[in-house]
Each structure stands twice: as structure tokens, then as C-alpha cells.
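Read the structure below first, then the notes.
Number of protein chains: 2
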Amino acid sequence: MPKISLKGKNLPTSPIRKLSKYATDAKAKGIDVIHLNIGQPDIDTPAKALQAIQSFDKNVLAYGPSEGSLAYRQKMCSYFAKHNIEVQPDDILVTTGASEAIIMTLDCITNEGDELIIPEPFYANYDTFAAACGVKVVPVSSTIDSNFSLPPIDVIEGKINAKTRAIFICNPNNPTGHVYSKKELNDLATLVKKHDLFLIVDEVYREFIYDGAVHHSVLTISGLEEHAILVDSMSKRYSMCGARIGCLVSKNKEVMDAGLKFAQSRLSPPTLGLHASEAAMDEPLSYLNEVTKTYLERRNTLVGLLQQIPGITVSVPLGAFYCLVQLPIDDTDVFAKWLLTSFNHNGKTVMVAPASGFYGDRSLGKSLIRIAFVLNIERLKESVIILEKALVAYPHTLTLKAHS
Amino acid sequence: MPKISLKGKNLPTSPIRKLSKYATDAKAKGIDVIHLNIGQPDIDTPAKALQAIQSFDKNVLAYGPSEGSLAYRQKMCSYFAKHNIEVQPDDILVTTGASEAIIMTLDCITNEGDELIIPEPFYANYDTFAAACGVKVVPVSSTIDSNFSLPPIDVIEGKINAKTRAIFICNPNNPTGHVYSKKELNDLATLVKKHDLFLIVDEVYREFIYDGAVHHSVLTISGLEEHAILVDSMSKRYSMCGARIGCLVSKNKEVMDAGLKFAQSRLSPPTLGLHASEAAMDEPLSYLNEVTKTYLERRNTLVGLLQQIPGITVSVPLGAFYCLVQLPIDDTDVFAKWLLTSFNHNGKTVMVAPASGFYGDRSLGKSLIRIAFVLNIERLKESVIILEKALVAYPHTLTLKAHS
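Just so you know, the protein sequences line up as chains L and D, in that order.
Under the working numbering, the first residue of the first sequence is numbered 1, with each subsequent residue one higher.
Under the working numbering, the first residue of the second sequence is numbered 1001, with each subsequent residue one higher.
Below you can see the structure in the form of C-alpha cells.
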């Protein structure tokens, strides 16, 4: 039998989706599984986007331009301008979600064996994208005790070597909810300029900021034009994850030229998703304000209730819609599976993302889970009750057995 | 300034799209540019697919399952069964076009520096996908004199070494129109089994077969289950390129397990495109019969007219909707650009794909162009007249200058 690739063999399974088959089995048994594992918002997609889909009147569902239509990129420029980000249509490549923007970025800037420094915990799929591109992820640890703020800059500098191509952060952060301060960003900017690296920033949660925190885009840092690569997406902003529309934004011409070649090879971003995304941007600003308010209320409810459970530590997210929760559990991979296979409370259970998969060093994060607050407040309240009951019912010997 | 990647720098630009900016400039000057360069059919997308888009009634445009919905994969199984291809839903991963299916395949089966044998000329983007995955393309030449049939099997075997992971063909072939015979496929099957390689077959033009030729899918070859990987797409079949829905099909469990991990990392195929694709499959078979008849008429018209032009050699395609045309021109890259920048016939010109980009060895194919017959017969007739006038008007010294 022919051999598959090493990366295909060794690739970790997504912590967000790896328990899916157990969830399916639980549902088949009639159990109501509440999905806290995945950032699939329940918020309505903007009416203008849905209307645009319903009034699609072309006879041929054709390819669009590989880089995305000029009209769409112009609209993106106007959107960015409202966030003090000054870009031109040529600085934007429309991609199939932020996922493709990240893969394309790595294709553009890394050679096999190069290294990428990422503060951990980080969005688990960064690991897969890096593996697909033959790039090694070098994590630097941030901790729940300091609310996952940036590790000391000299610790990061200590990880830089001749193989390092970029520092890669997510701001606001998934899974931690950390919003990078102006100082943290400036420190990173100084560092990448000093060592001639790229600074890649995934800003797909830009709008979802709480408690008066301020989001600073990497593209607002002056003097960083050749170094900064921004990853963006419509998925979370407009609750249209299925559109699969994101973009890669950079003022670095070499990056954009290389990116266009990769973009041309895969022909075009999804035409219908782009059509809907363009219309979504006509939605009044009140839509986004309302959505942010909804997430804030959910965060407050969820975090407030979790904090009342003995033995649990919760990091209070200032951005995005995830929180990391430290449980009195040795191995949340075992616990999360047990929730789906062996537990229910009044016919209901929760699916959570074990946090080890968000760490480069898998031994960290074994007692943490990630919860996405993309469900309504009633469902979130129910979830916390289920989690509390589960923690009481959980036979901790299970974890020990898994380790023996 | 930070350095970009070697592959990003060295990547060839798609021969199909690289002249786009000259076409845009020509159009800005009021010239009617007839696109013979790209396989974007003008055929109407099935009415059922368009209706499905217009009646999309979800409030949230959400992610779907990473592997594609079970309902869709079951429908694909029924479709394949009609072509004597027996597969189960678990043998199918839905992808963002055939492009992603190929990238995923290479991610699953190759390590950096591995080799992939592909008969040339081949679909130019295979080169880019291979480069992105760090894989070397090893071409074996097929020629217009033998109507681009498979090169002798011992020539192919001579290219196999310890680095070879797969043989990769497109059947029916883009750009040659070659339909692989049962014997050619059996020879390849014997070869990949002997050397424990994969046989990847891109079959996106499966339906478009002419003159009584018969298409044999790689998945109908018994005993090849562990070796065969099929790449498929809805783009050409249902004239819905913009849906960006394809799939990777294999009975090899290791490949499918690895593929699922890559699929999960990019979350899901485009939801709207999948929704439309599922509906397209409800279209009666008469739709595809009609489309195939249309392409046959176009092929006959185009090839018949081209054969009357002195100095031109045309390969008669038995499948797909492209033909390779050998022109009395030294360098069709220069000629194709000249057509857009310096020529028009009654305010019209043609955009063609220079064929050098379809060769691993770029020195071959310099006198060939690829024409896609995806336009109506009147436009094709006009195109041939324009091409004929252009060949007369073309200052052949241009090519010489470009070479000096």
C-alpha cells in the first residue's frame, strides 16, 4: 500500500471538531447536545445579505476575478477606512475564508523548515496550516494568571533565530479573548523590524471588544508597511461563516504579487459568498453594534455563572467570543469525550473544546476547555448547569486510567 | 524588507490569467475581447440550482460539515453509481473546487522534495499546487503528432525513483482533449501497483466525450482501491464554476483520514455553493446530454474552421472543451500579448492561453495555444476570423526581438 505523507499522518485532529462523531452518536441516542465547542454564531446573517442571495439573478454561476471583484475590494477599503486603516484595492486579496488567507500568507513568506512564533494558546488550526506548509510553530506561552497578555518581549526575542520568518498573533485572540494593547503591538513592531520578520495578525474578531478596550489594527502602525500582513474574514463579523469569504491585506508588493499567483491557481473565491458579503456591508452600523452588545451580555452571563462554580477559574475575555475555563480536571480531552459518551443531565449534555489542542506544547492546557458564547442566554445558562452537574458526576479515575 | 518565500517568488503566473491586465486595458480602449483563454462556460447553470439559490431560506449562513453534508455525499454516490463507480459517503470529501481537492491530495500523500509524474502538456495550475506543497513535477512529454496519447509506459517507468509518490493525469485531458483508453489506464494501474505509487486522476470533464470515445474512471479499475485518488468538480459539469464545489474520492482509508484533518482545519466548503450543487444534481439527465451536444457542435465548428487556415495544426479533442492549436509562430507568449495590446479586427480581438505554461519544460509548446470552446458558435466563428487576420498582420520580428 502506498504511504501517505508524514504531515498527513502526524497532523493533530482539530480540538474543535475531533469529538464530532461522539456528538453525532449522542444525538442519535436522543440526547440534546449543546455546542459550546465551535464558533458558529446563532446570530442572524444581515437581512441585506440574505436578500442578495435570494435575488441572485445571473444565469451562469461563473468564476469571479481571482483577487475578488474590484467593487468588493473598494467596499472593503471603505470599511477599513472607518477603522483608520488606509488601504487600496490592490492591497487586498479576497480569499476563501481567513483559513485560505493564512495558508496563502504562509505559502508566500515561508520555505520548508522555517519557523513561526505564535503566542500560545492559539487557534488550533494555525498548527495545521503551518504543517501543510512545512513550517514549524514555535510557541511562546501566555498564561491564565496574566489573563493571557503577551509574554515578555525578551522571551519572544529569545525564540528568534535564522529560520524565523514571522510572528503571528490573533487580535482579539481566539481562544483567550485577549485584546493586544498599543504597547504590546508597538513592542512586536519594533521586534519584527529589528529582525526583519513579518508580523501576521488575524483580526477577524475586530468588532467584538468589551469593557472599553480598544482594538488597534496592525495596519495602523506606521513604518510597519513592509512587515504587516492582516488576515480578515466576514464569517464572524456578519455571522456568515458559510460564505467562506475572507481576505489577506498587505502593503508589501512582493507578498501581494506572490499571493495573486497562488490566488490565480485556485481560480476564484466563492461567487455566491462574495455576492452575499458585498451586500452585508450595506447593512447599517447598528447591526454590528447590536451583535457586539449581544455577545457582551452573553459573556457577562456565562462568566458570571462560571465564576460561581467552586474550583473553576475563568479568564474574562475583553474581545472575541470565547473564554478559557480552567477545570478541576486532569485531562479535559477525556472529560470532553465522557460528556458526550457517558453523561447527560435531563437528556442534555454539552460539547466543549479541550484546550490542549490550542497549545504547541500539548502538556499545557490539559485542565482547560474553550467555550464559545455564540448561543443564546438561556442555552448558556443551561450549559453551565450541565457543566456543574457533570463536574460532580465525573469519575476522576477515568482520567487516571487514560494516563496509565 | 523581510524576504518572501522561494516558491512565492519563483512561481510561474497562470498562463490562463497572466494576460488579464492587457485584456482589461484593451477593454478600456473599447475593444471587444473574446475570451478563448479560460474554461468559463457560457452555458446556463441548471435552473434547479439557480432556483435553490433564490429559495435559500436559512436565517444564518452557517458552516457545514467539513467533509460536506451526508445528504450531498449520498447524492454523489448515486451519481457515481450511474458511471459504474461504486463508492460510499465515507469515500468522499467535499472540497472547495477541484483545486482544493488536488492541494489536499498532495498534502496527504507527499513530503517536501517528493516527485509527481505528469504527462505534459498538463493543466498549468498543477504546477502551482505542487510548488505550494514543495513537490517537484516530473513531466513526460506527449505530442500533437500522436494526438497527445499517453507516452510509452517504459518512458514513464524510467522517470520513477525513490522520490516518486504518484502519477497524476487528467482524463479527459485539459488542455489536450485526450481521453485515456482502457489499455492506457490499465498500464498505469500496473505501473503504480508495481512501484507502490498513487494514481491521481482529475476527471472533472467526465461527461464531455465525443465521437464514440468511452471514459473509464480510475475508480472502476479493480485491485487499484488503495492506489486510486479521484478528483472531481461540479464547476464544468453544471456550468457552476463560481460555486467552488469539488471533491476528493478514495477508498484508501489513510488518505481519507488525513484528508479529513486538512478539511477540518479549513472548517467547511462554501455553504451556498454546496446548496446549489445539491440541487443541480436533481436536474434531468437531458441537461448534460444537451450540454455535451452543444460542446460537440462547437468543437466541430472550431476545429473545422481552424483546419482551413494554412500553417495551423489542430489536435482534435475527444473530450473536455479545449483544443491545442499549433501556430506558425515562434513564441505564442509574445503573440498572445500582442493580440491584446497591438491588434484588433473591426474593434475586436481574441485572448488565448499560450501553451508554454502547460509544459513542465517551457521550451516545448512555444508555438502552441490553448483555445477553450465555451462560447457560442457565432463567437467562435468570429474568433477564427480574427485569429486568421492576426496571423497575417503579426510582425514576426516581434518574437525575434523578444528573444534577442
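Glycine included, C-beta positions come from ideal geometry on N, C-alpha and C.
Considering only the beta carbon of each residue, do residue i and residue j sit closer than 7 Å?
i	j	result
LEU1248 (chain D)	LEU1093 (chain D)	yes
ARG1165 (chain D)	ILE1109 (chain D)	yes
THR292 (chain L)	LEU380 (chain L)	no
SER141 (chain L)	PHE148 (chain L)	no
THR105 (chain L)	GLY246 (chain L)	no
ILE31 (chain L)	ASN344 (chain L)	yes
LEU1324 (chain D)	SER1315 (chain D)	yes
SER412 (chain L)	ILE16 (chain L)	It is not possible to answer for residue 412 (chain L), since the shown part of chain L is limited to 1 through 404.
LYS159 (chain L)	VAL192 (chain L)	no
LEU1288 (chain D)	GLU1226 (chain D)	no
ALA1279 (chain D)	ALA1052 (chain D)	yes
LEU6 (chain L)	ASN1111 (chain D)	yes
ILE209 (chain L)	HIS215 (chain L)	yes
ILE1004 (chain D)	GLU115 (chain L)	no
SER14 (chain L)	GLN1264 (chain D)	yes
GLY1304 (chain D)	GLY134 (chain L)	no
State the CB to CB distance for the pair residue i and residue j, rounded to an integer number of angstroms; the pair is presumed to be in contact (CB under 8 Å).
i	j	result
LYS163 (chain L)	GLY97 (chain L)	Contact flag wrong, Cβ pair sits at about 28 Å.
MET1423 (chain D)	TYR1079 (chain D)	Only positions 1001 to 1404 of chain D appear in the structure, and residue 1423 (chain D) is not among them; the question remains open.
ALA132 (chain L)	PHE1262 (chain D)	7 Å
ALA320 (chain L)	ASN174 (chain L)	5 Å
VAL1350 (chain D)	LEU1387 (chain D)	6 Å
ALA124 (chain L)	PHE358 (chain L)	5 Å
CYS1170 (chain D)	ASP1196 (chain D)	Going by Cβ atoms, the distance from CYS1170 (chain D) to ASP1196 (chain D) rounds to 23 Å, so no, they are not a contact pair.
MET240 (chain L)	ALA276 (chain L)	6 Å
THR1332 (chain D)	PRO1310 (chain D)	No, THR1332 (chain D) and PRO1310 (chain D) are not in contact; Cβ-Cβ is about 17 Å, not under 8 Å.
LEU11 (chain L)	ALA1258 (chain D)	7 Å
In this structure, how does DSSP classify residue i when only helix, strand and coil are distinguished?
i	result
HIS1083 (chain D)	coil
PRO1002 (chain D)	coil
GLY30 (chain L)	coil
SER1404 (chain D)	For SER1404 (chain D), the pLDDT reaches just 42, beneath the cut-off of 50, and the residue's location in the model is therefore unreliable, although a value from the coordinates is still provided. Reduced to three states, the DSSP call for SER1404 (chain D) is coil.
HIS1195 (chain D)	helix
ALA1131 (chain D)	helix
ALA320 (chain L)	coil
GLY1259 (chain D)	helix
SER141 (chain L)	strand
ASP1042 (chain D)	coil
LEU1368 (chain D)	strand
ASP211 (chain L)	coil
ILE1358 (chain D)	The amino acid occupying residue 1358 (chain D) in the given sequence is Phe; Ile does not appear at that position. Residue state, collapsed to three classes: helix.
ILE92 (chain L)	strand
MET1351 (chain D)	strand
VAL384 (chain L)	helix
ARG1206 (chain D)	coil
PRO12 (chain L)	coil
SER1239 (chain D)	coil
THR1176 (chain D)	coil
LEU224 (chain L)	coil
HIS275 (chain L)	helix
Pick out whichever of the options has its Cα sitting closest to the Cα of residue i.
i	options	result
GLU184 (chain L)	L:GLY158, L:ASN161, L:ILE221, L:GLU207	L:ILE221
GLY1212 (chain D)	D:VAL1135, D:VAL1140, D:ASN1037, D:PRO1317	D:PRO1317
GLY273 (chain L)	D:ASN1186, D:LEU1230, D:VAL1060, D:ASN1171	D:VAL1060
THR176 (chain L)	L:ARG370, L:ALA393, L:PRO395	L:ARG370
TYR1063 (chain D)	L:ALA49, L:ALA47, L:ILE38, L:ALA62	L:ILE38
GLY1008 (chain D)	D:ALA1276, D:GLY1242, D:ASP1127	D:ASP1127
LYS236 (chain L)	L:GLY30, L:LYS58, L:PRO46	L:PRO46
LYS1136 (chain D)	D:ASP1361, D:ILE1377, D:THR1095	D:ASP1361
LEU1036 (chain D)	D:LYS1348, D:ARG1073, D:LYS1075	D:LYS1348
GLU1100 (chain D)	D:GLN1088, D:PHE1129, D:CYS1077, D:VAL1087	D:PHE1129
LYS1048 (chain D)	D:ASP1042, D:PHE1056, D:PRO1041	D:PHE1056
LEU267 (chain L)	L:GLU67, L:LYS3, L:LEU224	L:GLU67
ASP232 (chain L)	L:GLU283, L:LYS29, L:ARG298, L:HIS83	L:HIS83
PHE1168 (chain D)	D:VAL1218, D:SER1356, D:ASP1145, D:SER1146	D:VAL1218
VAL1334 (chain D)	D:ASP1107, D:ILE1117, D:LEU1391, D:SER1286	D:LEU1391
Listing by chain order, which chain B residues have their CB less than 8 Å from the CB of residue i?
i	result
ASP1042 (chain D)	Considering every chain present, this structure includes no chain B. Its protein chains are L and D.
Point to revise | the segment 21 to 37 of chain L in contact with the segment 336 to 347 of chain L per 3-pair CB rule at 8 Å | key: Segments in contact, yes.
Review point. Taking contact to mean at least 3 C-beta pairs separated by less than 8 Å, is the segment 361 to 369 of chain L in contact with the segment 181 to 195 of chain L?
Key: Contact between the segment 361 to 369 of chain L and the segment 181 to 195 of chain L is absent, because fewer than three Cβ pairs lie under 8 Å.
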